[in-house]
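Enquirer: I am attaching a structure below and will ask some questions about it afterwards.
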Amino acid sequence: MSVCCLTAGPLHRVAAILSLYRPFAWEIVCAVNGRFRRDELLCLANVADEVVPCEMGADFNPEHYRAWLYGRCRGDWVVTVDSDEVPSAFLLEALPRLAARRDVVTYLSTCRWLYPDRSRWLDEYPWEPSWKMVMARNDPATLHIRGGVHEGVMAVEPYRFVELPVYHLSCLILPVEARRRKVEFYDGLEGNQLLEDGRRLSQVFYLPEEHSEHPQALVPREDLELLDRVLSAEVGHDRVLERETASEAPGELLPGTVPYAEIAATWPEHPLGPGAYRARVELRRARTPRRELSPMLAGEVRPLMARVGNEGDEPWLRSGRNRIYLATRWFKSEGAGARRVPVGEGPRSAFASDVLPGDEVLQPVVAEAPAESGRYLLVVDLVEEGVRWFGCGVEAEVEVR
């Protein structure tokens with residue numbers, strides 16, 4: 091298995107966390123802020139197989155880096171480690187057993203938030219149960235990565251929840267003002283998440299002194315020993331190059347620092363460029379007249395099959411992960427040479443697999459006839475939801491009875 095970590099420091103604490111995984115990991119890949127000096131990375135040299143400097147700006151969002159970081163991992167499984175999380179003894183012991191299974195592709199485990207000291211954790215909603223994706227099969231067919239707040243790698247079936255805790259350190263190691271700044275940043279991002287009762291997720295999780303109401307649970311002795319190993323790491327001279335430091339007088343980036351533009355291009359939800367909207371759409375015709383498109387009954391819902399070719403420079407991701415769908419639009423013409431009047435749009439059809447540039451696939455799509463009879467124009471086209479139609483679809487005259 092590969093263990094991967096993305097960090098802005100403190101690097102000695104990160105090295106202590108990664109050292110706990112070292113006996114179980116086939117490789118450890120650690121991506122660090124490219125503004126560190128080379129001598130600062132020495133503490134990672136004995137524990138990580140690859141230390142990769144990358145560009146982190148003032149708008150740094152770790153979820154936008156996940157796909158790029160996973161792409162550097164070569165193991166059959168990837169264990170995701172954050173620089174403020176410590177594994178439990180139960181989790182470390184179970185890793186080989188989890189990796190040996192062939193009927194599961196993702197594992198989610200409990201994340202225990204330590205507060206107010208290292209011996210206690212918040213045993214109440216919403217901190218308990220709080221679930222973290224700890225392990226995913228490194229297979230493009232099953233990896234599902236999203237860039238929203240606190241999203242990252244998503245659960246893909248078949249998956250399992252396991253009671254193998256990870257301990258979260260933020261409320262233990264960060265002063266309250268630092269946590270307030272973290273909340274302010276998360277709340278300013280698009281796609282901010284809310285709890286079921288409407289409260290902001292980040293504000294509640296990072297400010298337990300304002301929201302916690304019940305006694306905490308005790309950390310088991312064997313996990314206290316692991317926490318002590320991490321918390322005793324000498325970080326007094328370590329720099330933490332968080333977002334706030336990006337506006338400081340810029341120093342030189344380490345040689346080989348991966349630019350953010352290259353990283354962002356791997357983020358599944360990155361904005362599409364103008365070259366992405368080229369496609370070829372054809373309807374796969376039926377072999378008998380009774381199965382042809384026209385005529386249709388008013389309000390009829392008819393499944394169609396389209397042959398779609400990706401002639402652009404971006405993939406169309408399965409399950410609508412980058413908001414690209416096959417769909418229908420209906421128009422009615424107001425007399426000869428008159429403009430088309432939109433009548434309605436049909437349901438979206440998400441691609442069942444990723445469609446890479448140059449690929450051609452057969453894709454189902456549903457046509458739902460207008461409620462009133464007449465002659466209409468049906469357009470089967472691609473749409474980037476909330477942005478634009480591709481404008482390269484196939485058109486068909488349809489009589490609705």
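Taking our numbering, the leading residue of the sequence shown gets 91, the next gets one more, and so forth.
The beta carbon of each residue, even a glycine, is placed where N, CA and C say it ideally should be.
(1) Check this for me: beta carbons of alanine 369 and glycine 346, under 8 angstroms apart or not?
(2) Nearer than 7 angstroms: is that true of the beta carbon of phenylalanine 441 relative to any heavy atom of the ligand SAM?
(3) Please name the residue, chosen from Cys133, Glu359 and Leu362, that lies closest to valine 141 on a Cα-to-Cα basis.
(4) Could you tell me if valine 195 is buried or exposed, where buried requires 16 or more neighbouring beta carbons within 10 angstroms of its beta carbon?
(5) Closest to lysine 222 by C-alpha separation, out of Tyr205, Tyr215 and His258, would be which residue?
(6) Among the candidates Ser173, Ser178 and Gly165, whose CA atom is the shortest distance from the CA of valine 190?
(7) If you pair each beta-carbon of the segment 454 to 461 with each one of the segment 348 to 358, do three or more pairs fall below 8 angstroms?
(8) Using DSSP with H/G/I as helix, E/B as strand and the rest coil, what is proline 186?
(9) What does arginine 202 pair with, by DSSP beta-bridge criteria?
(10) Less than 8 angstroms between the beta carbons of leucine 131 and leucine 108, yes or no?
(11) For a test of the three-state rule: what should DSSP assign to serine 109, helix, strand or coil?
(12) Classify serine 439 as helix, strand or coil using the three-state DSSP reduction.
(13) What are the start and end residues of the alpha helix (DSSP H) that includes leucine 321?
(14) State the start and end residues of the unbroken beta strand (DSSP E) segment that holds proline 393.
(15) Is the segment 383 to 392 close to the segment 416 to 425, with three or more CB pairs under 8 angstroms?
(16) Would you decide whether proline 255 is buried or exposed? Buried here means 16 or more other CB atoms lie within 10 Å of its CB.
(17) Only counting the same chain, and skipping five residues up and downstream in sequence, which positions put a Cβ closer than 6 angstroms to that of valine 252?
(18) Along the chain, where does the alpha helix (DSSP H) containing cysteine 133 start, and where does it finish?
(19) Going along the chain, which unbroken runs of the alpha helix (DSSP H) with 4 or more residues stay wholly within the segment 348 to 385?
(20) Does DSSP put alanine 417 in a helix, a strand or coil?
(21) Give the straight-line distance between the Cα atoms of valine 137 and arginine 397, rounded to the nearest whole angstrom.
(22) With a Cβ-Cβ cutoff of 8 angstroms, do valine 330 and leucine 317 count as a contact?
(23) Per DSSP, glycine 434 is paired with what?
(24) How would you call aspartate 193, buried or exposed, if buried means at least 16 neighbouring beta carbons within 10 angstroms?
(25) Mapping the DSSP letters down to three states, classify tyrosine 466 as helix, strand or coil.
(26) May I have the straight-line CA-CA distance separating alanine 486 from tryptophan 116, to the nearest angstrom?
(27) According to DSSP, simplified to helix, strand and coil, what is tyrosine 249?
(28) So, are the CB atoms of alanine 121 and tyrosine 155 less than 8 angstroms apart?
(29) Quick one: using the 10 Å Cβ neighbour count with 16 as the cut-off for buried, is glutamate 359 buried or exposed?
(30) Check whether the Cβ atoms of valine 492 and histidine 234 lie closer than 8 angstroms to each other.
(31) Where does the unbroken beta strand (DSSP E) through alanine 457 begin, and where does it stop?
(32) If you measure between the beta carbons of leucine 262 and leucine 204, is that distance less than 8 angstroms?
(33) For aspartate 166, report the span of its beta strand (DSSP E) as first-last.
Expert: This is what the structure gives:
(1) no
(2) In the structure on display, the ligand SAM does not appear, and there are no ligands present to speak of.
(3) Cys133
(4) buried
(5) His258
(6) Rather than valine, the amino acid found at residue 190 in this sequence is alanine. Out of Ser173, Ser178 and Gly165, Gly165 has the C-alpha closest to the C-alpha of alanine 190.
(7) no
(8) helix
(9) Tyr257
(10) no
(11) helix
(12) strand
(13) 311 to 321
(14) 391 to 400
(15) no
(16) buried
(17) Tyr197 and Ser199
(18) 132 to 135
(19) 350 to 354
(20) strand
(21) 50 angstroms
(22) no
(23) Trp420
(24) exposed
(25) strand
(26) 56 angstroms
(27) strand
(28) yes
(29) buried
(30) This structure cannot settle anything about residue 492, because the visible part of the chain is limited to 91 through 491.
(31) 450 to 458
(32) yes
(33) Element bounds for aspartate 166: n/a, residue is neither H nor E.
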